[in-house]
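Keeping their order, the protein sequence lines are chains S, C and H. With positions in the first sequence counted from 1, the corresponding number in this note's numbering is that position plus 26. With positions in the second sequence counted from 1, the corresponding number in this note's numbering is that position plus 26. With positions in the third sequence counted from 1, the corresponding number in this note's numbering is that position plus 26. For reference, the structure discussed in these notes is given below.
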Amino acid sequence: VRAKKSAALTGRTAEKKPGLPVITLLTDFGTSDYFVGAMKGAILSRNPNVLLVDITHDIPPQNIESGAFTLLAAYKSLPLGTIHLVVVDPGVGSARRPIVVEAGGHFFVGPDNGLFSYVYERESKWRVFQLTNNEYFAESPCPTFHGRDLFGPVAAALAAGVKPDSLGPLVEDPVRLKPLKPELNHKGKLRARVIHIDRFGNCITNITRDDLPTGANTKLIVRKKTIKEIREYFAEGKSGPFAIWGSAGFLEIAVKNGSAAEVLHATIGDTVHVLQK
Amino acid sequence: VRAKKSAALTGRTAEKKPGLPVITLLTDFGTSDYFVGAMKGAILSRNPNVLLVDITHDIPPQNIESGAFTLLAAYKSLPLGTIHLVVVDPGVGSARRPIVVEAGGHFFVGPDNGLFSYVYERESKWRVFQLTNNEYFAESPCPTFHGRDLFGPVAAALAAGVKPDSLGPLVEDPVRLKPLKPELNHKGKLRARVIHIDRFGNCITNITRDDLPTGANTKLIVRKKTIKEIREYFAEGKSGPFAIWGSAGFLEIAVKNGSAAEVLHATIGDTVHVLQK
Amino acid sequence: VRAKKSAALTGRTAEKKPGLPVITLLTDFGTSDYFVGAMKGAILSRNPNVLLVDITHDIPPQNIESGAFTLLAAYKSLPLGTIHLVVVDPGVGSARRPIVVEAGGHFFVGPDNGLFSYVYERESKWRVFQLTNNEYFAESPCPTFHGRDLFGPVAAALAAGVKPDSLGPLVEDPVRLKPLKPELNHKGKLRARVIHIDRFGNCITNITRDDLPTGANTKLIVRKKTIKEIREYFAEGKSGPFAIWGSAGFLEIAVKNGSAAEVLHATIGDTVHVLQK
């Protein structure tokens, strides 16, 4: 192997690189059952020339918001052309629509229950198609496991070059969750919320840099505790909770060598009041 | 990439597709230690041209029945020719035989302790060979880690085309667990059991469609609770436990948006009485 | 595929085999967040021609010793030329140096905080370079996620053939943890410690075969309990804790079909007194 100082390696472009098509997997299946293995098998049985990448299978069971956030935080890191298979599906087998989404050079396959809301919110252009063309599905899809019998097989087909618009009719009104953008309350103040708590106990808010005027002196109030400081690194400074711009592009509340969620007794959905002057 | 509307993609055949040979991994090693990485390394050091697919590493420690069930539920979803490396091995290093099984177009490598019982039960034809030919083993296999030093290397060799019958003598009497099929009690009534509880709390029984006369009005009794309803989807209907044909081919007891295991206080091994009229 | 009875398959050599370059991942990121998926995406976006192998992502948060031990136990099982991406990084974003290590035919990428100590201890030759050449980094690395924006991209570059010495200046004094070798106390007695507790509750000590005179009658004392027996297999013998030479090359304390850590109330760091006669 010789060194190739390509534009791809230096990460300065978003051009499509050669290589097997990537299918990511993001589910609430857990990793202790046969579900993930069976879904991967269903993909590989149809199209072995793919690269499977797990995002996570530990979305809290049936928690669509958590799935939607995790997808938002990860998908742009994957190569253009990646197919994201996202299955958090409390309505599996019912009338909810199976869909494929094309947005920002990525593809997304899963149920139409709001999982792709934040992709619609971030991308200026997107198209959604309902999966009605059953020629790529398993012969008798099990009503309780569309990941294996419907979504996985469709992802395998997309990876082989099947076009989204050949899979079914355009969907104009996909299901969307409450917007991620913080609200302005009746006094004109920003009211944000905790949208995710990560493995380290960091509390990710829905506040982006666009939501805060630069140079403003910002305070956050969560569970009656005031956070006054925005830091650059975790390792900096003293103890106590502080805010930091996180790797998903949102303001996070953290504690050095500890869990902000524990210190603040914070949970997902908690209101974050933003005070600025 | 061009669309290829192949028989493979549409999933209507079981023909062998081109692609790297697949080795699945199914163990009780957990994922917090170096075990899985070392076993994968041992495979790749011998044969880098394989595709590794984790089924799960979270089989409860040394629980052979759970490993056997998970294998049964997953293996048919993988491509024909797949090598399933299954290591739940309380007797590692002792006199229990290491074996390779050829059945239904798949290969299975692991200890002869019952792990492959349900494969023998499902497949009409199978052959078992004891792994006595040590030329593919690590030089001095560690008596506590045959996954890395014996089974992994043999799986790598199988993936390179080594034939099972070159690995050792035929085994006529492989160890088998209690059959999966429900029993008939002395009154001629079907007596089934809970064989697995999944991540969502669904209680998988050992009842298959073949065990229930079609059209019969069936009730299940578990822990003195009666389940009267067989539904098509999870999302359907009202609260309370119901039965549903699960994705592994067995009747499951489920609760909408909840855990049947919690509601019923059910555990693996619980008796399921089947009443029909 | 034809059988190839190569030196590689029989594991009798350490020659480099053809195949995609392997990048292993060893972190404390957990598997429930987007972190691992985003880091893999960052690698694949730059260099899709790699094989990603997870060692574990469940190192206890910010526990450098545990990361260092797990790396030590796993890395030699991977093919020569493997790039080990190791991110347990409490100092992320601060002044701690990002480094690449070349040792024993393997490469290691991560923070200079002691993670590679046991590699330095085991290998007779190693070279360390500070990652100052930012041409392979993401354009504006996030100070809280160097795994995605710095270490992952550098691993992708190494896999494409970029040379470690092109990435920055030589580091003469990498950070090192307390040596793994057991101490001799003031009475000339060996004083070891528990360095890891695995999924099964086995307590791995830092005692190697080199530390114990062969033929000596050895007793271990942990938490005031005396362990008199060194066994060959887990399945052997009676109940009660016993010692066994583990698969990572260290003496382990185990209990048949149970957890030695529970039986002994042992935790990582516990002193292990070694008595010999």
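Glycine residues also receive a C-beta, built at the ideal position from the N, C-alpha and C atoms.
Q) I think C/Asp-224 touches H/Thr-96, with their Cβ atoms under 8 Å apart; what is that distance to the nearest whole Å? A) The residue given as residue 224 of chain C occupies position 198 in the second sequence. The residue given as residue 96 of chain H occupies position 70 in the third sequence. C/Asp-224 to H/Thr-96, Cβ: 29 Å. No contact.
Q) What does a CB cutoff of less than 7 Å around C/Ala-29 pick up in its chain, not counting 5 residues either side in sequence? A) Mapped onto the second sequence, residue 29 of chain C falls at position 3. The pLDDT assigned to C/Ala-29 is 42, lower than 50, so where the model puts this residue is not dependable; a value taken from the coordinates is nonetheless given after this. Cβ within range, chain order: n/a, list empty.
Q. Under a CB-based cut-off of 8 Å, is C/Arg-72 close to chain A?
A. Absence of chain A from the displayed structure is noted, the protein chains being S, C and H.
**Q.** Same chain only: Cβ atoms within 6 Å of H/His-212, ignoring 5 sequence neighbours per side
**A.** Position 186 of the third sequence holds residue 212 of chain H. Cβ within range, chain order: n/a, list empty.
Q: Answer yes or no: does any C-beta atom of chain S fall closer than 8 Å to that of C/Arg-153?
A: Stepping through the second sequence from its first residue, residue 153 of chain C is reached at position 127. With 8 Å as the cut-off, C/Arg-153 does not count as an interface residue toward chain S.
**Q.** Span separating the alpha-carbon of C/Cys-229 from that of C/Ala-292
**A.** Your numbering for residue 229 of chain C matches position 203 in the second sequence. Your numbering for residue 292 of chain C matches position 266 in the second sequence. Answer to the nearest angstrom: the Cα atoms are 8 Å apart.
Q. With a cut-off of 8 Å, does the C-beta of C/Glu-161 fall near any C-beta of chain H?
A. Your numbering for residue 161 of chain C matches position 135 in the second sequence. At a cut-off of 8 Å between C-beta atoms, C/Glu-161 counts as an interface residue with respect to chain H.
**Q.** As assigned by DSSP and simplified to three states, the class of C/Leu-106
**A.** Numbered from its first residue, the second sequence carries residue 106 of chain C at position 80. The answer is coil: DSSP assigns C/Leu-106 none of H, G, I, E or B.
Q. What residues from chain S crowd round C/Leu-141, counting only those whose CB sits closer than 8 Å?
A. As a working note, residue 141 of chain C is residue 115 in the second sequence. Those do not exist, as C/Leu-141 stays about 14 Å from chain S at its closest Cβ, beyond 8 Å.
Q. Chain C partners of H/Glu-209, CB-CB under 7 Å?
A. On the third sequence, residue 209 of chain H is found 183 positions in, with the first residue counted as 1. Correct list: empty, because the minimum Cβ distance to chain C is about 25 Å.
Q) Can you name, in chain order, every residue of its own chain whose Cβ lies under 7 Å from the Cβ of C/Asp-218, other than the five neighbours on each side? A) Taking the second sequence and counting its residues from 1, the one referred to as residue 218 of chain C is at position 192. First, the residue type needs correcting, since residue 218 of chain C is Ala and not Asp in the sequence shown. Answer for C/Ala-218: Pro-208, Thr-231, Asn-232, Ile-233, Val-298, Val-300, listed in chain order.
Q) So which residues of chain S does C/Ile-270 contact, with C-beta pairs closer than 7 Å? A) For the purposes of this step, residue 270 of chain C is taken as the residue at position 244 of the second sequence. Here the neighbours are Thr-170.
**Q.** Bridge-paired residues (DSSP) for H/Pro-195
**A.** By 1-based counting over the third sequence, the position of residue 195 of chain H is 169. None, per the DSSP bridge assignment.
**Q.** C/Gly-136 versus C/Trp-152, C/Val-118, C/Glu-147, C/Gly-45, residue with shortest Cα-Cα distance
**A.** As a first step, residue 136 of chain C is located in the second sequence; it is residue number 110 there, counting from the start. If we check each option's Cα against that of C/Gly-136, C/Val-118 comes out closest.
Q | Sheet register partners of H/Thr-231 (DSSP bridge) | A | The count along the third sequence starts at 1 and reaches residue 231 of chain H at position 205. DSSP, once it has assigned bridges, lists H/Val-220 as partnering H/Thr-231.
Q) What is the C-beta distance between H/Asp-236 and H/Leu-216, in whole angstroms, given that I count them as a contact (C-beta under 8 Å)? A) Residue mapping note: residue 236 of chain H aligns to position 210 of the third sequence, counting from 1. Residue mapping note: residue 216 of chain H aligns to position 190 of the third sequence, counting from 1. Not confirmed; about 12 Å, so no contact.
Q) What distance in whole Å lies between the Cβ atoms of C/Phe-268 and C/Ile-253, which are believed to be in contact at a cut-off of 8 Å? A) Residue numbering aside, residue 253 of chain C sits at position 227 when the second sequence is read from its first letter. Residue numbering aside, residue 268 of chain C sits at position 242 when the second sequence is read from its first letter. For a cut-off of 8 Å, the C-beta gap from C/Ile-253 to C/Phe-268 is around 6 Å, short enough to register as a contact.
Q. Relative to chain S, which residues along the region 226-240 of chain C have a C-beta separation below 8 Å, given in chain order?
A. Flagged, chain order: Phe-226.
Q: Step through the CB atoms of chain H and report whether any lies within less than 8 Å of the CB of C/Phe-55.
A: Here the question's residue 55 of chain C lines up with position 29 in the second sequence. For C/Phe-55, the answer is yes, since a Cβ of chain H falls inside 8 Å of its Cβ.
Q.
So H/Asn-142 and H/Phe-133 are supposed to be a Cβ contact under 8 Å. How far apart are they, rounded?
A. On the third sequence, position 116 is the one that residue 142 of chain H refers to. On the third sequence, position 107 is the one that residue 133 of chain H refers to. Checking the displayed sequence, the identity of residue 142 of chain H turns out to be Phe instead of Asn. At roughly 11 Å, the Cβ-Cβ gap does not stay under 8 Å, so H/Phe-142 and H/Phe-133 are not in contact.
Q.
Quick check on this structure: which residue in H/Phe-226, H/Val-126, H/Ile-256, H/Val-248 has the alpha carbon closest to the alpha carbon of H/Thr-240?
A. Here residue 240 of chain H is taken as the residue at index 214 of the third sequence, counted from 1. Residue H/Ile-256 is the option with its Cα nearest to H/Thr-240.
Q: Could you name the residues of the region 102-119 of chain H whose beta carbon sits closer than 8 Å to any beta carbon of chain S, in the order they occur along the chain?
A: Cβ contacts with chain S come from Pro-116, Gly-117, Val-118, Gly-119.
Q: Can you have a look at S/Ser-273 and say buried or exposed, based on whether 16 or more other CB atoms are within 10 angstroms of its CB?
A: Here residue 273 of chain S refers to the residue found at position 247 of the first sequence. Its Cβ being crowded by 16 or more others within 10 Å, S/Ser-273 is buried.
Q. To which residues does DSSP link S/Pro-137 through a beta bridge?
A. By 1-based counting over the first sequence, the position of residue 137 of chain S is 111. Bridge partners of S/Pro-137: S/Pro-124.
Q. Out of curiosity, what's the CA-to-CA distance linking H/Pro-200 and H/Gln-156?
A. Reading the third sequence from its first residue, position 174 is the one you call residue 200 of chain H. Reading the third sequence from its first residue, position 130 is the one you call residue 156 of chain H. The C-alpha of H/Gln-156 is placed about 9 Å away from the C-alpha of H/Pro-200.
Q.
With a threshold of 7 Å on Cβ separation, who are the neighbours of H/Ala-186 within its own chain once the five nearest residues in sequence on each side are excluded?
A. Taking the first residue of the third sequence as position 1, residue 186 of chain H is located at position 160. Result list for H/Ala-186: Asn-73, in chain order.
(Q) If you reduce the DSSP assignment to three classes, tell me which class C/Glu-209 lands in. (A) Residue 209 of chain C sits at position 183 when you count from the first residue of the second sequence. Strand at C/Glu-209.
Q: Output yes or no for whether 8 Å exceeds the beta carbon distance between S/Thr-82 and S/Gly-173.
A: Position 56 of the first sequence, counted from the first residue, corresponds to residue 82 of chain S. Position 147 of the first sequence, counted from the first residue, corresponds to residue 173 of chain S. No, the Cβ-Cβ distance between S/Thr-82 and S/Gly-173 is not below 8 Å.
Q) How would you label S/Asp-138, buried or exposed, when you count the other beta carbons within 10 angstroms and need 16 or more for buried? A) The residue given as residue 138 of chain S occupies position 112 in the first sequence. The residue is buried, with at least 16 neighbouring Cβ atoms inside 10 Å.
Q: Report, in whole angstroms, the separation of the C-beta atoms of H/Leu-77 and H/Leu-51, which I expect to be a contact under 8 Å.
A: Locating residue 77 of chain H in the third sequence gives position 51, where the first residue counts as 1. Locating residue 51 of chain H in the third sequence gives position 25, where the first residue counts as 1. At roughly 11 Å, the Cβ-Cβ gap does not stay under 8 Å, so H/Leu-77 and H/Leu-51 are not in contact.
(Q) Quick check on the DSSP output: the beta strand (DSSP E) that includes H/Thr-252 runs from which residue to which? (A) Reading the third sequence from its first residue, position 226 is the one you call residue 252 of chain H. Residues 251-253.
Q | Where S/Asp-175 falls: helix, strand or coil (DSSP) | A | Here residue 175 of chain S is taken as the residue at index 149 of the first sequence, counted from 1. Here S/Asp-175 carries a helix assignment [DSSP, helix/strand/coil].
Q: Can you pull the chain C residues whose beta carbon is under 8 Å from the beta carbon of H/Ala-34, in chain order?
A: On the third sequence, position 8 is the one that residue 34 of chain H refers to. Proximity of chain C to H/Ala-34 at the Cβ level (cut-off 8 Å) is accounted for by Ser-71, Arg-72, Asn-73, in chain order.
(Q) At the 8 Å Cβ level, is S/Ser-58 part of the contact set with chain C, yes or no? (A) Working through the first sequence from its first residue, we reach residue 58 of chain S at position 32. By this cut-off, S/Ser-58 is an interface position.
Q.
Between H/Pro-87 and chain S, is any beta-carbon pair separated by less than 8 Å?
A. Here residue 87 of chain H refers to the residue found at position 61 of the third sequence. With 8 Å as the cut-off, H/Pro-87 counts as an interface residue toward chain S.
Q: Please determine, among C/Ser-265, C/Thr-57, C/Gln-302, the residue with the shortest C-alpha to C-alpha distance to C/Ala-286.
A: Position 260 of the second sequence holds residue 286 of chain C. It is C/Ser-265.
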